Amino acid sequence: MDQEEKIVVLDHWPSTFGVRVHMALAEKGLTEYETKDEDLFEKSSLLLEMNPVHKKVPVFVHNGVPICESLVILQYIDEVWSHAPSLLPSDPYERSRARFWADFVDKKIHTSAAKIWMCKGEELEQGKKEHVENWKILERELGEKEYFGGERLGFVDIALLPYTSWFYLQLIMGNIDMNSECPKIAAWVQRCKLKDSVARNLSDPVKVYDYMLLIKKRYGLD
Ligand code: GS8
Numbered sequence: 001m002d003q004e005e006k007i008v009v010l011d012h013w014p015s016t017f018g019v020r021v022h023m024a025l026a027e028k029g030l031t032e033y034e035t036k037d038e039d040l041f042e043k044s045s046l047l048l049e050m051n052p053v054h055k056k057v058p059v060f061v062h063n064g065v066p067i068c069e070s071l072v073i074l075q076y077i078d079e080v081w082s083h084a085p086s087l088l089p090s091d092p093y094e095r096s097r098a099r100f101w102a103d104f105v106d107k108k109i110h111t112s113a114a115k116i117w118m119c120k121g122e123e124l125e126q127g128k129k130e131h132v133e134n135w136k137i138l139e140r141e142l143g144e145k146e147y148f149g150g151e152r153l154g155f156v157d158i159a160l161l162p163y164t165s166w167f168y169l170q171l172i173m174g175n176i177d178m179n180s181e182c183p184k185i186a187a188w189v190q191r192c193k194l195k196d197s198v199a200r201n202l203s204d205p206v207k208v209y210d211y212m213l214l215i216k217k218r219y220g221l222d
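The opening position of the sequence shown corresponds to residue 1 in our numbering, with each subsequent residue numbered one higher.
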């Protein structure tokens with residue numbers, strides 16, 4: 001990396017949004033940067049200063065300037081380090097499709113995943129149904145491709161992969177077995193994990209499960 005470049009990622013390790021940023025940096029070959037893990041119950045003054053609007057992680061601080069919102073950060077990284085292979089396709093129509101599916105991950109997968117750890121009874125059953133349906137929609141989009149991005153891991157893969165660390169939680173709390181529900185997605189996860197950028201940055205599913213148990217307790221949901 002250029003001597004002048006300074007990158008700091010304000011993060012919280014279980015954050016699916018934060019994992020995206022680390023994967024994108026790794027895909028671009030950027031490994032020397034600082035990560036500051038935030039306590040989201042006691043946010044640092046740096047986080048409040050860098051993301052005064054949403055007050056959320058991740059924040060990508062590039063030479064002192066903050067960029068917020070994980071999908072915006074991914075696009076920023078792609079544009080700044082454009083000499084490394086691109087995360088987004090070059091064709092405008094394909095780019096729009098990639099943005100559409102990443103947005104689907106945020107609007108649908110993130111929301112239905114939350115229902116599995118937050119809800120009980122009928123709401124949990126409904127959430128489980130929605131979540132499996134959402135993954136099946138993505139499985140159809142993947143089709144026979146190697147990655148969502150085609151032959152190369154790209155924007156949609158990076159947006160979605162962090163949610164695969166929730167498969168263990170889904171199995172224990174929701175009895176959802178992704179190997180049988182979505183075998184092509186399960187094979188895609190294994191394929192992606194062969195890449196260092198993914199294997200090194202995906203959160204440990206058991207740690208995520210343990211963390212969510214603590215959060216449930218904290219919110220009085222257990
Ligand atoms: C979401 C970030 C977010 O929710 C993005 O970056 O893509 N749309 C944003 N971050 C959470 C941690 S991960 O669940 C967060 O910082 N929460 C703190 C809070 O809500 O106060």
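Cβ coordinates follow ideal geometry from the N, Cα and C atoms, glycine included.
This structure is a prediction, so every number in the text was calculated from the model and none was measured.
- Message: Quick check: the Cα distance between Glu151 and Trp117, rounded to an integer number of angstroms?
- Response: 34 Å
- For Lys195, which of Gly29, Glu42, Gly18 has the nearest alpha-carbon? Gly29
- Gly18: beta carbon under 8 Å from a heavy atom of the ligand GS8? yes
- Query: Just curious, the alpha helix (DSSP H) that Pro92 is in, first and last residue?
  - Reply: 92-104
- Using the rule of at least 16 other Cβ atoms within 10 Å of the residue's Cβ for burial, across every protein chain shown, is Tyr93 buried or exposed? By the neighbour-count criterion, in which a residue is buried when 16 or more other Cβ atoms sit within 10 angstroms of its Cβ, Tyr93 is exposed.
- Item | DSSP-derived helix/strand/coil call for Val208 | helix
- Query: Who does Cys182 pair with in a DSSP beta bridge?
  - Reply: Note: Cys182 sits in no beta bridge, so no partner.
- Task: Ignore the nearest five residues each way along the sequence and tell me which others in Val202's own chain have a CB closer than 6 Å to its CB.
- Result: As written in the sequence, residue 202 is Leu, which differs from the Val given in the question. Correct list, in chain order: Ser165.
- Within 9 Å, strictly: CB atoms of Glu69 and Val132: Contact: no.
- Task: Determine which residues share a DSSP beta bridge with Leu40 and list them.
- Result: Leu40 pairs with nothing; no bridge assigned.
- Query: Under the criterion of a Cβ to heavy atom distance below 8 Å, does Pro183 qualify as lining the ligand GS8?
  - Reply: no
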